[in-house]
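Trainee: First, the structure itself, so that you have it in front of you.
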Amino acid sequence: MRSRTMKRPLRVRLGVYTALLLLLFTATAGDLEPTFGRCCAYGANWAREAQQCSTFPAPVSGIPSEHQSICITAAGICCLRYFRDEQCQKGKQAAQVGQDCVSSSNQGGEYFKDCCQGCKLGLFSGSMGMGCNMGFKFGFPWDSAFVQCCMQVAPGSAASFPDIGNKLVDLNNLYPGVISTTLTYSESDDLCARFAGKLCAHVCVPTPGSYRCQCRAGFTLSTDNKSCIQDALIDRCRQNNPCAHICRDTGVSIECSCNPGYNLAPDQRTCEDIDECLDGSNNCNQTTHFCINTNGAFTCQQKGGPTDCIAGYKYSSQQQTCVDVDECLEELHGCNPEEETCRNTAGAYECDIKCDDGFHFSLSLQTCVDQDECVELPCESGWQCHNTAGSYQCLELPRAFCPAGYKPLNGTVSGCEDVDECAENLHTCHSLNEICINEIGKYRCEPTSTNEVDEGSKFEILTHATFQTPVQECPEGFGFDLNTSQCLDIDECSTNLDDCSVSERCINTLGSYTCRLRRRCSAGYATDLITGECKDVDECATGIASCLPGQICFNTEGAFECRVECQDGFRYDPTDAAVCVDIDECLESPCEFGKLCTNIEGSYICTSVTTQSTRTTTFTTTSATTTTTSRPPSSCPSGFGRNPNSLQCEDIDECRNQVCEPEQSCQNSYGSYRCIWLPCDRGYTRDSLTHECQDIDECEEGLHSCQVGVEQCVNNPGGHTCQPQPCASGFTRDSLDPRQCIDIDECKLAPCGPEEECINSNGSFRCRHLTPCSPGFRRDEESKECKDIDECIENAPCTREERCVNTFGSYRCRSLDCNAGYQRDEQGRCRDVDECVTGEHTCQVPKEECINTQGSYRCKTLPECPRGLIRDPSLLRCVDVDECTEGTHDCHEGERCYNQYGTYKCRASSNSCTKGFRYNAYQRRCKDIDECAEKADTCEGSTQTCVNSVGSFRCIDRQPTCDFGFQYDEELKACVDIDECRKNLDDCEDGQYCVNTLGSYQCQTEGTATQTCHPGFTFNMTARVCLDINECEEGRDICNKLTEICHNSVGNYWCAPSPNPVTTSSTTNTATTTSASTNIFRIPPPPPLPPRPDQLCQPGTLYDTLFKICIDIDECISNPCPENEICENTHGSFRCNCRTGFSREESSKKCEDQNECQLGSHTCSQSQRCDNTIGSFVCIRIAGCGTGYTLNHNTGECDDNDECKLNTHDCNQLGPKYQCFNIRGSFRCKEKTCPQNQILIQSGLCINLTCDKGFRPIEGICQDINECAEGIPCQRNEQCINTRGSYTCRSLLNCGAGYQMNEYGTQCIDIDECADGTHQCRGNQVCSNRQGGYICQCPTGFKFNEIRQCQDFNECETYPGSVCSGNAVCENTEGSFRCNCKEGFKQSNDGRTCLDVNECIEIPGICHHNCINVWGSHQCTCRAGHNLARDNRTCSDINECEEYRGRGRLCIGICVNTIGTFKCSCPDGYNLVADGRTCKDINECDSGNVCRGENEHCVNTHGGYKCNSITCPANYIRDTRHKNRCKKVSLYCLEDDESCHREPLSYSYNFLPLVSNLSLPTTGQVDLFTMRGPLWLSTTVQFELELESARAPLGVEAATREFFYLKHTSFNQAVISLVKSISGPQEIQLVLNMQLYQQGKYTGSAIAKLLIYVSEYDF
């Protein structure tokens, strides 16, 4: 016991330190990097599947047990890292589109807020140009988000910076990323930095010499390439609303909220009702009312007593509240038990139709529908349930056939499993003496014996060492069948009991099986070692293919192709387009001068060449001349020739020799020349092949000047004409923009009848038949609405004793005895008339709702229906508008309109979109193609701007593009400066004034000298004036230094011709006394001079190079006057005037200060003293001011102190109800006063006095209204009792809830809540009165939702496949449904079933050949010899010749395709035999006299013949016995004449015709020729075969010796065999030499020549 108790804490310790021990162990066990990498990938994949990281499955397969803990930790880290990365990306995206940074509840959601905040700070810092790289660090992940977002919007940041939404860049290298390098520009070239924040709306990106604008994420660059337009955010709530009530797409996630009265459920999707009565959040008076909870709200029911409840509810003493009465359970209903079934509802009940067994009542369809019993799985295992009308059937599943000892696997039809005969008690073993042991497919019985060893209570069963033969045991490979009691063979192959490999095939045998190798793969295939299947061999990758040089190998199924797609450095052979040959690049002299070009296969090499130039040096003196010459010079390169004087290589002008054609112009170049074709006349272009001038089709090539969309181009020879383009039918030219055709509103012409409504559409209109007006209504001609006829005015149908009251659609005659709004009842009393029920009101239905009042009525304005809905005049509820039927949708051409509740959808297919639209698979709509963005427009880029329109585009003429700060002037036809100051285009702040500059402007502070100078001047910071720039001294002029002299002028400079142009000379030897050679080099042409004025400008003016005129210089800009003077500019000069307070002295001519006090020109009063100041004076008061006043230094008067404004009063000590009122010299504190019906509260604010119902404001307080004293609100036999804020009418009879006393007070009658409008049915609910209460029902096609509102019942989703027929698609509508027939079907009369459309009859010509109607579609078939095209309609001819190429031969000859069939033809030399498919060779030799030579021999070949003449060699003659043999004239040779002995005894000439590419048999060879020697046994015969010649045309492989094989068939016989097919045509000559040896001594030889003729054809 002690040992057991000690083990438990040990286990706890092991569990605590498991991770540490494992880490310690693995640190010494080996490298953990593979485990980390593998488990990290598992964790990331787990996160990609949106799984919780905490639910990562363990243990991990494939990971050692000692690494399991480490693996799970690594997977959790990488899983969480994935979610944090994802949330960080979403946070940065939210910051870019301006969303709030809130924490996310998702995994890793804490990074969403962090990255969002960091990104927002980065966007702010970058957009303000404050820099992105700071020494301060927030930490991870804020720094990463800050830098990325900052650099994305920083001025001058490169556009190549990685997108935040796609890649995470981590500065702390937790998740390493790559930051793209950015281009930098100098400050002078960086326009974005020079004009920061003024060029682009968002991001300015500098480019060399210019800039371009970019927008932040969520914005798109406008057509002006500067402004940014916010993208339309996709509301995912509209696409897929997961919320039960209110859905809001925040841009980052979808947030669900609930309507008032509901709480969001834990799933964050559904809403749960709040029981206000239970949680105490109701405002019912507990003493007088009780609370009744409803869906989404509650009601306060007045108590008649402590336990009173409304009808349909009863008081529960346990819950202390009113609960629903189950009328069905308590049998309080009024349903007919034989025909109806009671169904309890909240506060009421319903009587449904009683259905038969197997059916149930459908609330939506209001009928009995079949009940699918198969949903509850009533059938047993192995049986399948099939639902039937009113019932179901259990059908047995087909079972698998299994051998003895096996049974079907779980009732399936495919698998078998072993039968455990021992467990299922199916064995025959003896229960006492034998033990049943189950085996696969069988069992066995083993005898047992028991030896008992007495050791207390311990027993042990020992088995014998040997066993008897098992009872009923079958041999190996057999199983015992209980049915037949026989041992049957087990099919190991079908039961997967074999051990054959994948490359072997299992074959079952009796009692066993065999494994045989699978069949050999065909050529081009090899056996896959894993699957054992034959797979294609890639000959190109393995190097088996033998393609020619320059060809490219392409692998095909079972073979390969050598396609003639020449590689770089190769070109097609002009003589054979199937062969690639090397390009000799050296012919084009690609190497530099002085290098040697060497061509190699596919390329070339340039090598340097060492040359010794020849130099000649001449020295000239008075006495002698010395010349030293080296060896002769080397030859010049091609295109150059050596000058005999200078011995230099100079260019050869080839154009002098007329090397070009007559219509070409020769243009010499350095080392070569070019022949250029002369240009054609205008409107023509030269053809690249024929070099002839051909007409240019300006219309086809888009070179015309016609206005797109307005004119159509007509091509003419050498030009074109523009003709007005007519608009399509239903369109006319826009008078404002003639380029566009606008729709004609045909409805303005009133084309429809009086009972029709005209609906205009794009390019057309339609007349919709209106529903005829009911009696009492007349159609209005303008609005086409049915208006009520006022019969009282038009007809006066009532008598004089009656009052005519018009009603909606009729009228009523009322008695004059009662006042208006009343009528006499049965007792003769005047009772109120319900004008709303009788229709005697004037409310505008359906815009207004009539509400009855005592003696009258009132019209309540109803709110407008949401878009897509219209108010039903009878139901007064909003119903759906079918935009598809009424034609008010905006679906494009090619789209189909589908109506939905409150809206509609446009759907298209991939082939239905018209021109100008492209199918969008995601939205399933035809989206407009932006031809302007895709550069698919035909606008002239330099003069026109493309503007996209729906389905098309427009080309708008534009002005030439000017630089920033300039605009195009139509009169001057030039870009002129924009005066931003005059046009108020500047952004100068208050206190600054705008100064225009060339191409820009500057904002200067008042009183400071401007820093803006005219061109040619610069601002001097010390002198604060603009000084002239001396362009000549500073080197800013463009004068030619060799021929011109720069002269500076004020604001400009001139280039004057130099009187002595500079020349340069060079003397080879300055010491010569006789002469010197002088070389004057060419002076480079001067650059173009700057523009000069036609006449010099007068002083004070400056020449304007843009307008070509002299303009006045505003000298006042440089502030030339002294400090006390003001500059006044004049034309050509300026003047300086004295400032106010100064006057000019005659002697010094300077402006001196005036002493206004001495001159008496001041304005001080008698109580003030005058003190002079520089340029002015001040008045100082002599006497002081009293309390409450302050001396004004400027005016010298005493001003009143406003203690209220200066807050020097003490009214705040009296409280917030008092306020300060200023008086002269003091102030007063008065209590605040409030307007009428407002009260002053302690905080000092005036608030509106609002009284509850039953109270009225009297003298600033709410006092109770005594309704009983002011009138008699109660009925007869009722006592009025005033209560605080209300009153009660106590009946003389105590009627229960839902009942009221009749007017006589004699009995309680039912209150018809539906008629008097006191019911609480909402929306489109229908009120149905019951005794003592009422119920709210939904109309047909609607049902109650969770908040007791009637919502549409979707019959299509509830009863899929049962509402419409199988060939129709159910479409739900408001309150009903619609069956839309599938393609190929049409609607039947019942509206629910669809009939097949016979397209073959109804659509003529739908098929090219034959049409076969099938169910829901049709099938096109073709006549023999044709194939059905991909459009499944058109029939195309089958090219049988190409179809069977490589798969067999249709013709033993040439196959010629014809329409629907083919025919066989033969080339010359063949005849077509009777079968029409075989070409037979013509034996021309049989005709005789073919070969006319004396020694010519006719040899028939395939497709021709050859005339061969045999000419014997010298010392040989023709053998008369053998015409094809030449024998030796004399066989005698001297004994020592070795050459005579070696001469052959005979020459034989043999001719053999063969077909091209002769097929070889399976042996691989064909015997062609046999040669035999003598039969003497003492003779030895030796044979030698040589290929003498093989003549084949270019492109045909010539035969070699390897094509033939010489074999010895006996000691004196040899046979020539063909071992490789020969391609034709070609001629091959073989020589077979037979040498004879007698007893080892050479005795002679014979030569046989074999001439083989291979024909061109293979037949």
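Heads up: the sequence shown begins at 918 in our numbering, then just goes up one per residue.
No residue lacks a Cβ here, since even glycine has one placed at the ideal position from N, Cα and C.
1. Can you tell me whether valine 1454 is helix, strand or coil according to DSSP?
2. Tyrosine 2449: buried (16+ other C-beta within 10 angstroms of its C-beta) or exposed?
3. Is aspartate 1002 helix, strand or coil by DSSP?
4. Quick one: residues in its chain with C-beta nearer than 7 Å to the C-beta of cysteine 1577, no 5 flanking neighbours on either side, listed in chain order?
5. Excluding sequence positions up to five away, which residues of its chain have a Cβ less than 7 Å from the Cβ of aspartate 2070?
6. Is the separation between the beta-carbon of leucine 2367 and that of histidine 2419 shorter than 9 Å?
7. Which one of Asp1337, Tyr1323, Asp1455, Glu2062 has the shortest CA to CA distance from serine 1411?
8. Rounded to whole angstroms, how far is the Cβ of aspartate 1398 from the Cβ of alanine 1321, which I believe are closer than 8 Å?
9. Of the residues Ser1139, Ile1146, Asp1166, which one's Cα is nearest the Cα of aspartate 1152?
10. Strictly by DSSP, which residues pair up with tyrosine 1728?
11. Using beta-carbon positions only, say whether asparagine 2441 and asparagine 2467 come within less than 9 Å of one another.
12. Return yes when at least one heavy atom of the ligand NAP lies under 8 Å from the C-beta of threonine 2487, else no.
13. With distance defined between alpha-carbon atoms, name the residue in Asn2344, Cys2317, Arg2347 nearest to histidine 2335.
14. Would you please state the rounded distance, in angstroms, between the beta carbons of lysine 2566 and glutamine 2552? I believe it to be under 8 Å.
15. Mind checking tyrosine 1587: buried by the 16 CB within 10 Å criterion, or exposed?
16. Where does cysteine 2577 sit, in a helix, a strand or coil, going by DSSP?
17. My guess is that phenylalanine 1029 and lysine 1007 are in contact by the Cβ rule of under 8 Å, so how many angstroms apart are they, rounded?
18. Spatial neighbours of valine 1967 within its chain, please: CB distance less than 7 Å, with the 5 preceding and 5 following residues excluded, ordered by chain position.
19. Could you round the C-beta distance between phenylalanine 2270 and glycine 2258 to whole angstroms and report it? I think they count as a contact, below 8 Å.
20. Taking all protein chains shown into account, decide if glutamate 2401 is buried (16 or more other Cβ within 10 angstroms of its Cβ) or exposed.
21. Count the CB pairs spanning the stretch 2376 to 2395 and the stretch 2405 to 2420 that are closer than 8 Å, and state whether there are at least three.
22. Please give me, in chain order, every unbroken run of the beta strand (DSSP E) with length at least 3 that falls completely inside the stretch 2274 to 2356.
23. Report the rounded CA-to-CA distance for threonine 1778 versus glycine 2188, giving the unit in angstroms.
24. Is DSSP giving glycine 2561 helix, strand or coil here?
25. Please classify alanine 2507: does DSSP put it in a helix, a strand, or coil?
26. Which runs of the beta strand (DSSP E), 3 residues or longer, sit entirely within the stretch 1600 to 1679?
27. Go ahead and pull the three-state DSSP assignment for tyrosine 2574.
28. Relative to the C-alpha of isoleucine 2252, which candidate in Arg2239, Asn2219, Phe1278 has its C-alpha closest?
29. Give the C-beta separation of cysteine 2244 and cysteine 2231 to the nearest angstrom, bearing in mind that I take them to be a contact with Cβ-Cβ under 8 Å.
30. Which residue wins for smallest C-alpha separation from glutamate 1193, given the options Arg1186, Asn1180, Thr1187?
31. Since glycine 1396 sits in a beta bridge, which residues does DSSP pair it with?
32. For arginine 1813, collect the residues of the same chain with a Cβ closer than 6 Å to its Cβ; drop the 5 residues on either side in sequence, then sort them by chain order.
33. Per DSSP, which one or two residues make a beta bridge with glutamine 1301?
34. To the nearest angstrom, report how far apart glycine 1756 and asparagine 1828 are at their CA atoms.
35. Find out if the Cβ-Cβ distance for the pair serine 1213, glycine 1264 is shorter than 9 Å.
36. Find the nearest neighbour of valine 2407 within the set Asp2354, Lys2423, Glu1509, Leu1038, judged by alpha-carbon distance.
Mentor: So, to answer that:
1. Valine 1454 falls in the coil class under three-state DSSP.
2. Burial check for tyrosine 2449: the Cβ neighbour count within 10 Å stays below 16, so the residue is exposed.
3. helix
4. Cys1583, Cys1592
5. Only Gly2058, Phe2059, Ile2091, Gly2092 meet the Cβ criterion.
6. no
7. Tyr1323
8. 3 Å
9. Asp1166
10. Asn1723
11. yes
12. The ligand NAP is not among the ligands present in this structure, which contains no ligands whatsoever.
13. Looking only at Asn2344, Cys2317, Arg2347, the smallest Cα-Cα distance to histidine 2335 is reached by Cys2317.
14. Not confirmed; about 16 Å, so no contact.
15. exposed
16. There is no way to answer for residue 2577, as the model of the chain reaches only from 918 to 2576.
17. 6 Å
18. Asp1945
19. 6 Å
20. buried
21. yes
22. 2285 to 2290, 2293 to 2298, 2302 to 2304, 2311 to 2313, 2327 to 2331, 2334 to 2338, 2343 to 2345, 2352 to 2354
23. 30 Å
24. strand
25. If DSSP states are grouped into helix, strand and coil, alanine 2507 belongs with the strands.
26. 1601 to 1603, 1610 to 1612, 1628 to 1633, 1636 to 1641, 1648 to 1650, 1658 to 1660, 1673 to 1678
27. In this structure, tyrosine 2574 counts as coil in the three-state DSSP scheme.
28. Arg2239
29. 4 Å
30. Asn1180
31. Leu1405
32. Arg1824
33. Leu1312
34. 55 Å
35. According to the sequence provided, residue 1213 is glycine. The question's serine does not apply to it. In this structure, glycine 1213 lies away from glycine 1264, with their beta-carbon atoms at least 9 Å apart.
36. Lys2423
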